[in-house]
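Participant:
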């Protein structure tokens, strides 16, 4: 434990300071669509992004993702490959065929790192691939890479201006703690 404390002193006193510092190369106020059939992945990715000042929209199915992408026009989409019903490849193809959503950057995510999946991701026009499980650093590295390449920009929106105030977390955005029983279930 002494080693851990020494590392904390060398690299800073805690995560809250690191999270409060602005990320270089990552625009603020992105509207991000997270598409995954796992509520846990949606909650984790949603929390990571909203803590950094981004607006998160969530979809649990491919069909819902296509509808939300067309109506909300997000700046970025994180899209799971393996989903029941319409899989991520079918969603990617549909989004690339639609003129409204054709240019939205898409990062495909999957827990199965197969060479064939990466091949199809590139072939169908995804911008990047991220393997599950992922960490905070990897998520923002993907966003920074897309920003640096010029593929990712914040769109002008008619809605209320984006502020630096933290985004309120609702009960739906709470990350489930599967290791502990729910105290309300007694």
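Residue numbers (our numbering): 341 to 526.
Here a beta-carbon is modelled for each residue, glycine too, at the ideal position from N, C-alpha and C.
1. Hey, how far is the Cα of residue 467 from the Cα of residue 373?
2. Would you kindly work out how many angstroms separate the C-alpha atoms of residue 428 and residue 402, rounded to a whole number?
3. Find the nearest neighbour of residue 417 within the set 382, 463 and 473, judged by alpha-carbon distance.
4. Is the stretch 385 to 392 close to the stretch 402 to 412, with three or more CB pairs under 8 Å?
5. How many Å lie between residue 368 and residue 494 at the Cα?
6. To the nearest angstrom, how far is it from the Cα of residue 439 to the Cα of residue 413?
7. In whole angstroms, what is the alpha-carbon distance linking residue 391 and residue 435?
8. Out of 432, 426 and 376, point me to the one whose CA is closest to residue 444's CA.
9. On a CA-only basis, which of 486, 425 and 398 is nearest residue 379? Give me that one, please.
10. DSSP state of residue 483, grouped into three classes?
11. Give me the residue from 370, 492, 446 and 477 with the minimum Cα distance to residue 465.
Facilitator: Reading from the atomic positions:
1. 15 Å
2. Straight through space, the alpha carbons of residue 402 and residue 428 are spaced by roughly 7 Å.
3. 382
4. no
5. 8 Å
6. 11 Å
7. 27 Å
8. 432
9. Check the Cα spacing between residue 379 and each of 486, 425 and 398: the tightest is with 398.
10. helix
11. 446
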